[in-house]
Amino acid sequence: MSNQDAGKDAAAQRILAAIRAIPRGQVAGYGEVARRAGLPGRARLVARLLSQNDDRDLPWHRVLRSDGRIAFPEGSKGFREQSQRLRAEGVRVEAGRVRGQRAAATLDEQMWGDGMLAPPASARPVRKSRAASTGGKRARS
DNA sequence: CTAGTGACGACGA
DNA sequence: ATCGTCGCCACTA
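The first sequence maps to residues 679 to 819 in this note's numbering.
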């Protein structure tokens with residue numbers, strides 16, 4: 679296995695850890711999870727991982743889009759599954775959208791919350807550390 | 001190398 | 001709040 683493979687795997691493990699760190703009844707956005715994992719700008723990587731994931735243990739249902747919407751198309755199998763699992767935890771889901779909390783923002787606060795420990799962010803740029811500026815103003819007018 | 005695709009994210013209209 | 005467009009990443013053809 680090459681270094682790249684190892685690095686990819688490490689990133690994957692970190693992402694999985696970040697997802698498992700989401701408290702029951704709480705939710706987080708893909709981008710938030712990626713950031714928490716030290717992979718800013720890799721929201722899509724998180725999504726790809728989940729699509730590949732098969733671990734029933736993983737609380738994947740707590741990961742939503744940044745706008746609080748479930749990422750699956752309404753009515754799809756995954757959609758129903760996720761909605762059900764979320765509601766089972768007491769999360770209010772309506773019209774494919776989670777109400778009661780804003781997906782994300784709370785993650786870090788829940789873990790390290792009010793000055794509990796050092797900033798996790800630690801921002802382990804792992805590498806690459808690109809701008810990761812998701813959506814940098816196009817020149818459209 | 002270019003194009004297309006996807007459990008994404010942000011911004012402008 | 002909704003929609004369309006653009007940006008970024010990782011992967012596949």
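Using N, Cα and C, we set each Cβ at its ideal position, and we do this for glycine too.
Buried/exposed call for residue i, threshold 16 Cβ in 10 Å
i      : result
ALA695 : exposed
GLU752 : exposed
ARG714 : buried
ALA773 : exposed
ARG770 : exposed
GLY716 : buried
ALA699 : buried
ARG654 : Any property of residue 654 remains undetermined from this structure, which presents the chain solely from 679 to 819.
ALA796 : Because the pLDDT at ALA796 is just 43, under 50, the model does not fix this residue reliably, and the value given afterwards should be weighed accordingly. ALA796 comes out exposed.
ASP792 : With a pLDDT of only 41 at ASP792, under the threshold of 50, the placement of this residue in the model should not be trusted, and no figure is reported.
SER754 : exposed
Distance CB(residue i)-CB(residue j) smaller than 8 angstroms
i      : j      : result
ARG709 : ALA721 : Correcting the residue type first, residue 709 is Gly in the shown sequence and not Arg. Contact flag set, yes.
GLY707 : LEU742 : yes
ALA725 : PRO718 : no
ARG693 : LEU736 : Position check: residue 693 holds Ile in this sequence, whereas Arg was assumed. Taking 8 angstroms as the Cβ cut-off, ILE693 and LEU736 do not qualify as a contacting pair.
GLY746 : ARG775 : yes
GLY703 : GLU767 : yes
Counterpart residues of residue i in DSSP-defined beta bridges
i      : result
VAL771 : VAL776
ALA706 : VAL741
(request) Run through the stretch 714–755 for me and flag every whole alpha helix (DSSP H) of 4 or more residues, listed as ranges in chain order. (result) Here the runs fully enclosed are 721–730.
(request) Would you check if there are 3 or more beta carbon pairs closer than 8 angstroms linking the stretch 726–733 to the stretch 759–771? (result) The stretch 726–733, when compared against the stretch 759–771, does not touch it at the 8 angstroms Cβ threshold.
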